[in-house]
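Student:
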């Protein structure tokens with residue numbers, strides 16, 4: 100599943116505040132804010148600023164999708180989904196993807212920073228477990244299911 104789409108599903112309160120185009124100065128490589136033409140020869144970058152529960156999140160990339168992926172990484176979605184998608188067995192993949200979504204939905208309304216810190220610590224522990232188990236499942240591949 101796409102982390103950007105999942106980010107918008109799991110965090111409906113996530114508000115995109117600013118979307119701006121940053122142009123790179125070819126001579127020095129530094130970024131400066133300008134309103135540039137889309138057809139210009141310079142390599143453009145996009146910066147997105149989002150707000151979620153009073154927390155400002157910044158993402159920057161060569162297009163809007165990569166900028167939003169940076170925000171999804173700050174929310175901790177991408178790594179867990181990537182680890183869950185590494186399983187060779189279809190049933191394990193869908194199960195862990197579903198469980199990750201459920202956990203994020205369950206903890207998205209937690210107000211206290213103490214609860215959020217516990218959730219982050221638990222998510223990091225689960226991430227390590229998923230990475231180890233997916234490596235083991237790649238060693239012992241089974242036959243593909245007909246639905247794959």
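In my numbering, the protein residues as written are 100 to 247.
Just so it is clear, CB atoms sit at the ideal spot from N, CA and C, and this is done for glycine as well.
Since the model is a prediction, treat every value here as computed from it, not as a measurement.
1) Give the list of continuous beta strand (DSSP E) stretches no shorter than 3 residues that lie fully inside the stretch 137 to 170.
2) Could you check what DSSP says for residue 187 in three-state terms: helix, strand or coil?
3) According to DSSP, residue 117 sits in a beta bridge with which residue or residues?
4) Is the Cβ-Cβ distance between residue 147 and residue 176 less than 8 Å?
5) Can you say whether residue 228 is buried or exposed, counting buried as having 16 or more other CB atoms within 10 angstroms of its CB?
6) Decide if the stretch 184 to 192 is in contact with the stretch 154 to 166; the criterion is three or more beta carbon pairs, one per stretch, under 8 Å apart.
7) Reducing DSSP to helix, strand and coil, say where residue 195 ends up.
8) Looking at C-alpha atoms only, which residue of 180, 113 and 144 is the closest neighbour of residue 230?
9) Considering only C-alpha positions, which residue in the set 225, 109, 162 and 173 is nearest to residue 154?
10) Count the other CB atoms within 10 Å of the CB of residue 234; is the residue buried (16 or more) or exposed (fewer)?
11) Measuring CA to CA, which of 204, 145, 241 and 198 is closest to residue 226?
12) Alpha carbons only, please: which of 237, 150, 170 and 151 is nearest the one belonging to residue 158?
13) So, is residue 102 buried or exposed, given that buried needs 16 or more other C-beta atoms within 10 angstroms?
Tutor: Once the coordinates are examined:
1) 143 to 151 and 154 to 160
2) Mapped onto the chain shown, residue 187 falls at position 88. Coil, per DSSP.
3) Within the chain shown, the letter at position 18 stands for residue 117. Paired residue(s): 148.
4) Position 48 of the chain shown holds residue 147. Position 77 of the chain shown holds residue 176. It is not a contact, given that the beta carbons lie outside the stated cut-off.
5) On the chain shown, position 129 is the one that residue 228 refers to. With fewer than 16 neighbouring CB atoms inside 10 Å of its own CB, residue 228 falls in the exposed class.
6) no
7) If you number the chain shown from 1, residue 195 lands on position 96. It is helical.
8) The residue labelled residue 230 in the question sits at position 131 within the chain shown. Among 180, 113 and 144, the Cα nearest to that of residue 230 is on 180.
9) Locating residue 154 in the chain shown gives position 55, where the first residue counts as 1. Selected option, being the one with the closest Cα: 173.
10) Along the chain shown, read from residue 1 onward, the residue named residue 234 stands at position 135. Counting Cβ neighbours within 10 Å, residue 234 comes out exposed, since fewer than 16 surround it.
11) Within the chain shown, residue 226 is the residue found at index 127, counting from 1. Comparing Cα-Cα distances from residue 226 to each of 204, 145, 241 and 198, the minimum goes to 198.
12) Residue numbering aside, residue 158 sits at position 59 when the chain shown is read from its first letter. The candidate whose alpha carbon is nearest that of residue 158 is 170.
13) The sequence position of residue 102 within the chain shown is 3, counting from 1. Per the 10 Å Cβ criterion, buried.
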